[in-house]
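Participant:
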Amino acid sequence: MIEVKNLKKGFEDKLVIKGVDATMQAGKCNLIIGSSGSGKTVFMKCLVGLFEPDEGEILYSGNDLVTMSDEEKKETRKQIGMLFQGSALFDSLTVEQNVMFPLDMFTKDSYQDKLKRVNEVLARVNLKDANKKFPAEISGGMKKRVGIARAIVLNPKYLFCDEPNSGLDPQTSLVIDQLIKELTTEYNITTVINTHDMNSVMEIGDNIIYMYQGHKEWEGNNKEIIFNKNEKLNSFIFASEFLKDAKDMRMLEVKGKIDNDRNMDELLNSDEDVLNS
Ligand SMILES: Nc1ncnc2c1ncn2[C@@H]1O[C@H](COP(=O)(O)OP(=O)(O)OP(=O)(O)O)[C@@H](O)[C@H]1O
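When we follow full-length UniProt numbering, the leftmost residue of the sequence shown carries the number 1, and every step to the right adds one.
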């Protein structure tokens with residue numbers, strides 16, 4: 001679990017994160033959403049220690065990252081896995097070497113032990129035959145899976161994913177989302193995901209934090225977001241007519257109002273206030 005208390009971060013005279021309180025739960029996918037410039041990246045960079053906050057606490061299992069010693073920070077960082085936007089693989093290294101990299105950096109294990117662990121995680125992300133391939137030889141979805149394998153190879157307690165679906169088609173995005181969700185539950189990882197992908201929000205959003213101009217404007221899960229009454233959040237997530245209709249359909253479905261014999265358009269356009277009845 002990561003607890004964030006009154007986090008503030010600014011640049012020169014501009015406050016970007018304006019006193020955020022949030023709890024990232026273990027074994028859950030904690031999603032950070034919000035429009036461009038709302039502060040998601042700065043918030044995440046504070047959480048992983050890439051930016052030092054101006055004020056506030058970031059408690060990793062009760063231990064404040066901001067005030068801990070360099071030695072404690074190093075230990076905490078070892079427990080953090082990162083999946084970067086665009087996967088960030090080393091082009092000159094094979095898949096196997098890319099995944100082995102954190103083991104080379106942080107362990108003194110024998111080559112055989114490291115290879116065993118690499119093969120375990122590659123099998124876990126369904127990439128059994130890709131060891132000797134170079135990043136240029138594999139698809140975007142496979143690169144993401146290599147990125148995930150590398151992020152979990154040290155058995156992290158915390159996993160940070162920056163836009164894990166960027167550049168992927170909707171079907172591959174779904175596979176990657178499900179993989180992240182499964183690993184999160186299986187290994188009880190506190191997973192924090194910065195995303196613009198509404199599909200991910202609905203599929204894997206156990207805990208969703210909506211940022212608006214540096215504040216936490218709303219927090220809830222993927223069921224609650226459908227029924228939320230926050231105007232700012234609704235104009236953000238249901239920006240298109242299509243999504244608004246999809247929301248109405250979903251609400252009807254959840255409310256058990258869908259009757260196969262009734263025409264959906266008729267139902268949505270009728271004077272009957274079905275959504276609020
Ligand atoms: N290193 C920096 N120096 C100065 N200002 C910065 C720095 N990093 C971010 N900002 C400012 O902080 C604000 C929030 O930026 P941030 O990148 O966190 O937004 P975001 O929500 O992640 O946007 P996007 O969805 O486009 O990635 C922006 O106004 C940005 O210009």
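Backbone N, C-alpha and C define an ideal beta-carbon position, used for all residues, glycine too.
1. Taking its Cβ as the centre, do 16 or more other Cβ atoms sit within 10 Å of Glu163, making it buried, or is it exposed?
2. Based on the DSSP output, what are the partners of Ile138 in its beta bridges?
3. Going by the CB atoms, is the gap between Leu15 and Gly214 shorter than 8 Å?
4. Leaving out five residues on either side along the sequence, give the residues of the same chain with a beta carbon under 6 Å from the beta carbon of Ser87.
5. Closer than 5 Å from C-beta to any heavy atom of ligand 1: which residues, in chain order?
6. What number of angstroms, rounded off, separates the C-alpha of Val153 from the C-alpha of Met100?
7. Classify Leu168 as buried or exposed, calling it buried when 16 or more other Cβ atoms lie within 10 Å of its own Cβ.
8. Are at least three pairs of beta-carbons, each pair with one atom in the segment 126 to 136 and one in the segment 38 to 54, less than 8 Å apart?
9. Using a Cβ-Cβ cutoff of less than 8 Å, which residues in the same chain neighbour Gly19 once the five nearest sequence positions on both sides are dropped?
10. Give the secondary structure of Glu57 by DSSP, where H, G and I count as helix, E and B as strand, and everything else as coil.
11. Just the Cα atoms here: how many angstroms apart are Tyr60 and Pro102?
12. Reducing DSSP to helix, strand and coil, say where Val192 ends up.
13. What separation, rounded to the nearest whole angstrom, lies between the Cα atoms of Val66 and Glu72?
14. Using only alpha-carbon positions, find the residue among Cys29, His196 and Asp13 that is nearest to Met1.
15. Would you grab the beta carbon distance between Val42 and Asp21 for me? Rounded to a whole angstrom, and I think it's under 8 Å.
16. Put Asn222 into one of helix, strand or coil per three-state DSSP.
17. Going by DSSP, which residues form a beta bridge with Ala22?
Facilitator: In terms of the structure at hand:
1. Walking along the sequence shown from the start, residue 163 turns up at place 163. Flag for Glu163 reads buried.
2. As a first step, residue 138 is located in the sequence shown; it is residue number 138 there, counting from the start. DSSP, once it has assigned bridges, lists no residue as partnering Ile138.
3. What you label residue 214 is simply residue 214 of the sequence shown in a count that begins at 1. What you label residue 15 is simply residue 15 of the sequence shown in a count that begins at 1. Cβ distance < 8 Å, so Gly214 and Leu15 count as in contact.
4. The residue given as residue 87 occupies position 87 in the sequence shown. Cβ neighbours of Ser87 beyond the five flanking positions: Lys143, Lys144 and Gly147.
5. Phe11, Val16, Ser36, Gly37, Ser38, Gly39, Lys40, Thr41 and Val42
6. Locating residue 153 in the sequence shown gives position 153, where the first residue counts as 1. Locating residue 100 in the sequence shown gives position 100, where the first residue counts as 1. Between Val153 and Met100, the C-alpha separation is close to 8 Å.
7. Numbered from its first residue, the sequence shown carries residue 168 at position 168. With 16 or more other Cβ atoms within 10 Å, it is buried.
8. Three or more Cβ pairs closer than 8 Å define a contact, and the segment 126 to 136 falls short of that threshold against the segment 38 to 54.
9. Residue numbering aside, residue 19 sits at position 19 when the sequence shown is read from its first letter. Asn6, Leu7, Lys8, Glu55, Gly56 and His215.
10. Looking up residue 57 in the sequence shown gives position 57. DSSP places Glu57 in strand when its eight states are reduced to three.
11. As a first step, residue 60 is located in the sequence shown; it is residue number 60 there, counting from the start. As a first step, residue 102 is located in the sequence shown; it is residue number 102 there, counting from the start. Approximately 21 Å between the Cα atoms of the pair.
12. What you label residue 192 is simply residue 192 of the sequence shown in a count that begins at 1. In this structure, Val192 counts as strand in the three-state DSSP scheme.
13. Numbered from its first residue, the sequence shown carries residue 66 at position 66. Numbered from its first residue, the sequence shown carries residue 72 at position 72. The alpha-carbon atoms of Val66 and Glu72 are separated by roughly 11 Å.
14. The residue labelled residue 1 in the question sits at position 1 within the sequence shown. It is Cys29 whose Cα lies nearest to the Cα of Met1.
15. For this step, residue 42 is matched to residue 42 along the sequence shown. For this step, residue 21 is matched to residue 21 along the sequence shown. Not a contact, Cβ separation roughly 16 Å.
16. On the sequence shown, residue 222 is found 222 positions in, with the first residue counted as 1. Collapsing the DSSP output to three states places Asn222 in coil.
17. Along the sequence shown, read from residue 1 onward, the residue named residue 22 stands at position 22. Residue pairing from DSSP places Ala22 in a beta bridge opposite Val4.
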